[in-house]
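Trainee: Start counting the sequence shown at 25; every next residue gets the next number (my numbering).
Virtual Cβ for every residue (Gly too), placed ideally from N, Cα, C.
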Amino acid sequence: MKLKNILKYLIRFLFLQTLISFVTIWYFDKFIFISAEHKFEIYLNLVEDQSRFYSFIPLSWITIDALIIFLITIFLIILYTTKFYTYVNELDFSYENKFIDDYLMLYLMWNSFIFSSLYVFRITGLSRANLIIFSFIVPLILLIFRNSEIISLLLGRSITKENFIAFNLDELSNFLNLRIIAYRNQKQLINCDEINLATVVEEEVNKLNKLINLNLIILRLKDTNKLKSSFENYLINLNKKVLIISDNKLKFGKNFIYRATNIDSKYLYYFNNDIQYGAKFILKRVLDITISTLLLIFLLPVLLFISLLIIYYGSTPFLVRQSRVGLHGKKFKMYKFKTMFNDSHHKRGDLKELNKKGGPLFKLDEDPRIIKNLSFLRKFSLDELPQLFNVIKGEMSLVGPRPLFEEDNEYFDKNYMRRLNVLPGMTGLLQINERNTDDFEVWYKYDIEYIENWNLYLDIKILLKTFNALKRNNTTGK
């Protein structure tokens, strides 16, 4: 096992050990031990056992809390020796897209261990009702932190809401019961000539990308031994999950990370180039939620003042909800402070000749739709502040490409559609470099640069530079 994986398991182990120990000690003190005298009686039992069975352990180490920590550590060591807990294989068969079986297994393992341990160490006379409640808590913690799927669900991204499209896969195929497929929603099963597969895949994926939240591409190959170089590059650069089920062993021209296995005499190849997925997505969401919550608390007086100001100038409601396109094409309602007259978005067509921007950019130097006394809100981007709620909901991030309208998708080619593979953001590379650019190609350049170089450090760097960039651009009048 590589050092990186060892460190990952060690950190995960220590986190779980600390969390479960803290919860168990707190719960036992609050609800399980009937009284302080009862807890002291159990301590005396431990002291007696120390003198009889393990006198080599110093008496100062003998405490109930130390015993709890020791038992939890032993249990986790046992648990981590099993593939059941440490390895979730997405290419295993799963005939039910629910987590109940995993939870029941953890429940049985934990409770058989902890109750037998309580008996061995003579920890008796406990509150039975509260002990029964406790029996459900630790397995739930273990399930939540078993892998990234449930944590991602709690943070706004559920695999059960993800979609897949399959090519040349029979609708009765047993491979539809693979965990990676069974947990997701089927959108289309498309049959085509394998010779023209590359062309059909590109056409259908690019079309569906503009209509639905598309996450997984499945290819069923029977006669192919090697993918065309251009098609291979296309699949890798999709930044989505790709599963290939082949009758033949495939040779790939490029070096990239993928998982290969053999099931029912078929060769399965799976690679996940989803940019913001798993642990990376979780860390980004934790950063987003933490900073957004703090900003909302700190800026609450400003938000209230702006709301009252908009109402004063006769514009209600003071918030507008605009339909935008988010991660993997998911539609959502983006919040903004209202700075324009009613139905302003529907008047874009009437003002199209005045728009000098390229592509989907629609900005007018003297936009007649803007309420005169509220233009400063747009100048300093204060109208964007309600999007902090979109960030907390998981529809947006603090940093990412700006979300565009659904009709703007018509301008996206297969390369620029990659902007939908990261969470849209309130700020980004464009905003700290050329915020007021008129050139859509500049948007394209910064969006692709962000996608190809994304990491948490880049997000933090952009956040730190955003305020200065906003101040600089408005001072220079750009």
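What are the start and end residues of each continuous alpha helix (DSSP H) run of 4 or more residues lying completely inside the region 68-113, in chain order?
Mentor: List check, alpha helix (DSSP H) in window: 88-104 and 107-110.
Trainee: What separation, rounded to the nearest whole angstrom, lies between the Cα atoms of residue 113 and residue 215?
Mentor: In a straight line, the C-alpha of residue 113 is about 28 Å away from that of residue 215.
Trainee: Among 97, 350, 115 and 49, whose alpha-carbon lies nearest the alpha-carbon of residue 294?
Mentor: Minimum Cα distance to residue 294 is reached at 115.
Trainee: Can you find the residues in the same chain that come closer than 7 Å, C-beta to C-beta, to residue 330, ignoring five residues on each side of it along the sequence?
Mentor: Answer for residue 330: 361, 401 and 406, listed in chain order.
Trainee: What span of residues does the alpha helix (DSSP H) with residue 239 cover, start to end?
Mentor: Taken as a continuous stretch (DSSP letters only), residue 239 belongs to no alpha helix (DSSP H), being part of the beta strand (DSSP E) at 238-245.
Trainee: Unbroken alpha helix (DSSP H) runs of length 4 or more, entirely within the region 239-320: which are they?
Mentor: Entirely contained in the region 239-320, the alpha helix (DSSP H) runs reaching 4 residues are, in chain order, 253-261.
Trainee: With burial defined as no fewer than 16 other Cβ atoms inside 10 Å of the residue's Cβ, what is the status of residue 244: buried or exposed?
Mentor: By the neighbour-count rule (16 or more Cβ atoms within 10 Å), residue 244 is buried.
Trainee: When DSSP labels each residue in this structure, what does residue 394 get in the three-state scheme?
Mentor: In this structure, residue 394 counts as strand in the three-state DSSP scheme.
Trainee: Starting from residue 413, trace the beta strand (DSSP E) in both directions and tell me its first and last residue.
Mentor: No beta strand (DSSP E) holds residue 413; the alpha helix (DSSP H) holding it covers 411-417.
Trainee: Quick check on the DSSP output: the alpha helix (DSSP H) that includes residue 337 runs from which residue to which?
Mentor: Per DSSP, residue 337 belongs to no alpha helix (DSSP H) and is neither H nor E.
Trainee: How would you write the range of the alpha helix (DSSP H) that residue 129 sits in, first residue to last?
Mentor: Note, residue 129: alpha helix (DSSP H), 124-144.
Trainee: Are the CB atoms of residue 40 and residue 169 nearer to each other than 9 Å?
Mentor: Yes. Within cutoff.
Trainee: Looking at the structure shown, is residue 184 part of a helix, part of a strand, or coil, going by DSSP?
Mentor: Correct three-state label for residue 184: helix.
Trainee: Using CA atoms only, rank isn't needed, just tell me which of 181, 398, 440 and 171 is closest to residue 32.
Mentor: Ranking 181, 398, 440 and 171 by Cα distance to residue 32 puts 171 first.
Trainee: Grouping DSSP H, G and I as helix and E and B as strand, with all else coil, what is residue 490?
Mentor: Here residue 490 sits in helix by DSSP.
Trainee: Measure how close the beta-carbons of residue 186 and residue 239 come, nearest whole angstrom, since I'm counting them as under 8 Å.
Mentor: With a Cβ gap of about 4 Å, residue 186 and residue 239 count as contacting.
Trainee: How many angstroms separate the CA atom of residue 188 from the CA atom of residue 412?
Mentor: If you take the alpha carbons of residue 188 and residue 412, they lie about 30 Å apart.
Trainee: Just checking my contact of residue 250 with residue 270 at CB under 8 Å: how many whole Å lie between their CB atoms?
Mentor: 10 Å between Cβ atoms; not a contact.
Trainee: With a threshold of 8 Å, are at least 3 pairs of Cβ atoms found where one atom belongs to the region 318-325 and the other to the region 298-308?
Mentor: Segments in contact, no.
Trainee: Tell me which residue opens and which closes the beta strand (DSSP E) that residue 360 is part of.
Mentor: Taken as a continuous stretch (DSSP letters only), the beta strand (DSSP E) holding residue 360 covers 355-361.
Trainee: Decide if residue 346 is buried, meaning its Cβ has at least 16 other Cβ atoms within 10 Å, or exposed.
Mentor: Under this definition residue 346 is an exposed residue.
Trainee: Tell me, which residues are paired with residue 451 by DSSP?
Mentor: Per DSSP, 423.
Trainee: If we ignore side chains and look at the alpha-carbon of each, how far apart do residue 241 and residue 146 end up?
Mentor: Going by the C-alpha atoms only, they are around 56 Å apart.
Trainee: Take the Cβ of residue 353 as the centre, count every other Cβ of all protein chains shown within 10 Å, and call the residue buried at 16 or more, exposed below.
Mentor: With 16 or more Cβ atoms within 10 Å of its Cβ, residue 353 is classed as buried.
Trainee: According to the neighbour-count rule (16 or more other Cβ atoms, all chains shown, within 10 Å of its Cβ), is residue 1 buried or exposed?
Mentor: This structure leaves residue 1 out entirely; the chain is present only between 25 and 502.
Trainee: I'd like to confirm the pairing. Which residues does DSSP put opposite residue 349 in its beta bridges?
Mentor: DSSP lists 355 as partners of residue 349.
Trainee: Taking residue 327 as the reference, give the member of 399, 396 and 409 with the closest Cα.
Mentor: Closest by alpha carbon: 409.
Trainee: In three-state terms, what does DSSP make of residue 44?
Mentor: The answer is helix: DSSP assigns residue 44 an H, G or I state.
Trainee: With DSSP run on the structure shown, which of helix, strand or coil describes residue 58?
Mentor: Looking at residue 58 - three-state DSSP - the assignment turns out to be coil, as it is neither helix nor strand.
Trainee: According to DSSP, is residue 502 part of a helix, a strand, or is it coil?
Mentor: No answer about residue 502 holds up, because its pLDDT of 37 lies below 50 and its placement is not dependable.
Trainee: CB residue 174 to CB residue 190, shorter than 9 Å?
Mentor: Their beta carbons are not under 9 Å apart, which means residue 174 does not touch residue 190 by this criterion.
Trainee: Compute the distance between the beta-carbons of residue 166 and residue 91, then report whether it is under 9 Å.
Mentor: Cβ distance not < 9 Å, so residue 166 and residue 91 don't count as in contact.
Trainee: Within this structure, are the beta carbons of residue 280 and residue 306 separated by less than 9 Å?
Mentor: Against a cut-off of 9 Å, the Cβ pair of residue 306 and residue 280 comes out as no contact.
Trainee: Check this for me: beta carbons of residue 472 and residue 445, under 9 Å apart or not?
Mentor: Cβ distance not < 9 Å, so residue 472 and residue 445 don't count as in contact.
Trainee: When we look at the beta-carbon of residue 277 and count the other beta-carbons within 10 Å, is it buried (16 or more) or exposed?
Mentor: The residue in question, residue 277, is exposed, as its Cβ has fewer than 16 Cβ neighbours within 10 Å.
Trainee: Skipping 5 residues on each side, what residues in its chain have a beta carbon closer than 6 Å to that of residue 284?
Mentor: Once the five neighbours on either side are set aside, the close Cβ partners of residue 284 are 293.
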